[in-house]
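Engineer:
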Amino acid sequence: MPELARVVITGVGLTAPNGNSLAEFRASLLAGRSGVQPYEIRHVGPTLAGVCHFDALRHQSKKEVRRGTRAGSIAVYCANEAVADAGLELARYDPQRVGVYPGITEHGNVETENEIAEVARYQFDLSYWSHHHNPRTVANNPAGEVTLNLGLKGPAYCLGGACAAGNLGLIHGAQLLRLGEIDLALCGGVSESIRTFGIFASFAAEGALARHAEPSKASRPFDRQRNGIVVAEGGCLYALERLEDAQRRGARIYAELLGHCVNSDGTDFVLPDAAGQNACIRGALASARLEPAAIDLVSTHATSTPSGDAIEARVVREVFGDGPRTFINNTKSFIGHAMGAAGALELAGNLPSLADGVVHPTINLDELDPACAMRNLVANEPRNVGRVDTILNMSFGMLGINSAVVVGRPRL
Amino acid sequence: MTEEEVTLAVKDIIQTVAPDEDVSNLDPEKRLREQIDLDSMDFLDIVMELRKLYGVQVPEEDYKELATLAGCVRYLHPKLAAKSLHCAASA
Chain A
105 MPELARVVIT GVGLTAPNGN SLAEFRASLL AGRSGVQPYE IRHVGPTLAG VCHFDALRHQ
165 SKKEVRRGTR AGSIAVYCAN EAVADAGLEL ARYDPQRVGV YPGITEHGNV ETENEIAEVA
225 RYQFDLSYWS HHHNPRTVAN NPAGEVTLNL GLKGPAYCLG GACAAGNLGL IHGAQLLRLG
285 EIDLALCGGV SESIRTFGIF ASFAAEGALA RHAEPSKASR PFDRQRNGIV VAEGGCLYAL
345 ERLEDAQRRG ARIYAELLGH CVNSDGTDFV LPDAAGQNAC IRGALASARL EPAAIDLVST
405 HATSTPSGDA IEARVVREVF GDGPRTFINN TKSFIGHAMG AAGALELAGN LPSLADGVVH
465 PTINLDELDP ACAMRNLVAN EPRNVGRVDT ILNMSFGMLG INSAVVVGRP RL
Chain B
102 MTEEEVTLAV KDIIQTVAPD EDVSNLDPEK RLREQIDLDS MDFLDIVMEL RKLYGVQVPE
162 EDYKELATLA GCVRYLHPKL AAKSLHCAAS A
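Protein chains in written order, with the numbering used here: chain A, 105 to 516; chain B, 102 to 192.
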């Protein structure tokens, strides 16, 4: 097998419920600041959600916002911020060789529900159904809106991977860079899922929607009192390029992509499977040519559901149980579950650890569920562990899709 | 609605559909698409807003009547005479 080109992250553009840049997001994660708030959506009534508060008009005209989708706005914001953060001059690139790959959990539910609500006001007379429905709901919409906004002409489409999607964009971008098909990827994950009542109603129907009197305490992975998911919106797109290109332009490098794995449980529509998750993590380690003990930080997927968290904790113990230097944390405790954006955001919030050696905690861990006990779980307060060279980021989704990415401090 | 009110109603709909544009100084006799950034999807939006706000159905063969502001007013005034003005975008 030929030696593959090394791929690095040189820019991060994000919006999370508790921050609209990596600096803000990281500061919130170190300060224990939640982004979960009271929220209301049609048919569901009062509930909780992680809501983003970025300024869409920073990078879009009012007409672009009106015509496009929330997922598109999130993607456009993140793409522009990633380009700026990476110090990229897009005009220097062949626009046909810039790829855009957001991971998505789903897309189109928001616009379909909105349109049905609108025609319901007119007794389902379909002459009131919007001509914008199709361009808004096609599966490439968020990626396509980025190309329209930035004038890009390269391959741009979304990767549908349920809640494992946040890693898929990054993995796909790296693969196409290694194949030499593109010179720059804007890739990661986006989600507008809090704008669809169906997501809330479906989680509620399966007894998996979080409830808590204090919104900031509702998302509580690994805690004995956890009772379900807080749905969140958000996005994170990375500027990804080959190491040699990044070095040639003197770019700041956040991390190198060392390995990855995507696999399937092949067992159930919704229930996670420990064997599948275990195989995914071990596959990512093998592709990075690292032993479990060489991972300094594991960013868990845990969504605050009773069964899912316990299964994942078991897998972490199985794979990393003997590693005295492997620390564990969780980001959903702060922002809820950002669905297709979750994996990308969760990795982003941990990237600064490679530079500062500080691991942000999982919050709301008032009473650890013994079934979720893991060695070196960083609880409630950030921990300065001295040095972080490697991070493994995991995301799992419905229909049994698992994804894991290993990144590291670049060895130059 | 008077002719002045129909003008206001049309300008308000254009402002909703083209929120980045200044519609205060539109030349009534000049084609709208030569004065502001309006494409065919925006034009369908204008027709949709007329339907939603005033129950006016504009058949496709009449779209050409809506090319200018004055054309819109001439075409719509008889259809809107008995309706009252709703302004959303405060043009």
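Note that CB positions come from ideal geometry on N, CA and C, so glycine has one too.
Give me the Cα-Cα distance between Ser408 of chain A and Gly338 of chain A, rounded to the nearest whole angstrom.
Structural biologist: 18 Å
Engineer: Nearest CA to the CA of Ile495 of chain A: which residue from A:Ile505, A:Leu108 and A:Gly512?
Structural biologist: A:Gly512
Engineer: If you draw a straight line from the C-alpha of Asp372 of chain A to the C-alpha of Ser306 of chain A, how long is it?
Structural biologist: 17 Å
Engineer: Secondary structure at Cys291 of chain A, three-state DSSP: helix, strand or coil?
Structural biologist: Three-state DSSP puts Cys291 of chain A in a strand.
Engineer: Could you tell me if Gly292 of chain A is buried or exposed, where buried requires 16 or more neighbouring beta carbons within 10 angstroms of its beta carbon?
Structural biologist: buried
Engineer: Starting from the N-terminal side, write out each stretch of the alpha helix (DSSP H) that is 4 residues or longer and does not extend beyond the region 344-429 of chain A.
Structural biologist: Fully enclosed alpha helix (DSSP H) runs of 4 or longer: 347-352, 378-392 and 410-424.
Engineer: If you scan the region 152-235 of chain A from start to end, which runs of the alpha helix (DSSP H) of 4 or more residues do you find wholly inside it?
Structural biologist: Entirely contained in the region 152-235 of chain A, the alpha helix (DSSP H) runs reaching 4 residues are, in chain order, 166-171, 174-189 and 213-224.
Engineer: Is the beta carbon of Ala445 of chain A less than 7 Å from the beta carbon of Cys365 of chain A?
Structural biologist: no
Engineer: What in chain A is Cβ-close to Lys153 of chain B, meaning under 9 Å?
Structural biologist: Glu222, Arg225, Tyr226 and Tyr232
Engineer: Compare the C-beta of His235 of chain A with all C-beta atoms of chain B and state if any pair is closer than 7 Å.
Structural biologist: yes
Engineer: Return the CA-CA distance between Leu133 of chain B and Leu139 of chain B, expressed in angstroms with no decimal places.
Structural biologist: 8 Å
Engineer: For Ser507 of chain A, which of helix, strand or coil comes out of DSSP?
Structural biologist: strand
Engineer: Determine the direct distance from the alpha carbon of His464 of chain A to that of Leu516 of chain A, and round the result to whole angstroms.
Structural biologist: Each residue's Cα considered, the two are about 26 Å apart.
Engineer: Between the alpha carbons of Glu104 of chain B and Val157 of chain B, how many angstroms are there, rounded?
Structural biologist: 16 Å
Engineer: Return the chain-ordered list of same chain residues with a C-beta closer than 6 Å to the C-beta of Ser132 of chain A, the five sequence neighbours on each side being excluded.
Structural biologist: Asn122 and Gly123
Engineer: Evaluate contact between the region 315-324 of chain A and the region 206-220 of chain A, counting only Cβ atoms and requiring at least three cross-stretch pairs below 8 Å.
Structural biologist: Here the region 315-324 of chain A makes no contact with the region 206-220 of chain A; the two share fewer than three CB pairs at distances below 8 Å.
Engineer: Given a limit of 8 Å on CB to CB distance, which residues of the region 140-172 of chain A reach chain B?
Structural biologist: Ser165, Lys166, Lys167, Arg170 and Arg171
Engineer: Would you say Asp163 of chain B lies against chain A (beta-carbon separation less than 7 Å)?
Structural biologist: no
Engineer: For Ala392 of chain A, which residues from the same chain have a beta carbon less than 6 Å from its beta carbon, with the 5 sequence-adjacent residues on both sides left out?
Structural biologist: Leu362, Gly363 and Val510
Engineer: Give me, in chain order, the residues of the same chain whose beta-carbon lies closer than 6 Å to that of Leu481 of chain A; leave out the 5 immediate sequence neighbours on both sides.
Structural biologist: Ile432
Engineer: What is the rounded straight-line gap between the Cα of Gly461 of chain A and the Cα of Glu360 of chain A?
Structural biologist: It is roughly 16 Å from the alpha-carbon of Gly461 of chain A to the alpha-carbon of Glu360 of chain A.
Engineer: Taking the C-alpha atoms as reference points, what is the distance between Gly203 of chain A and Gly440 of chain A?
Structural biologist: 29 Å
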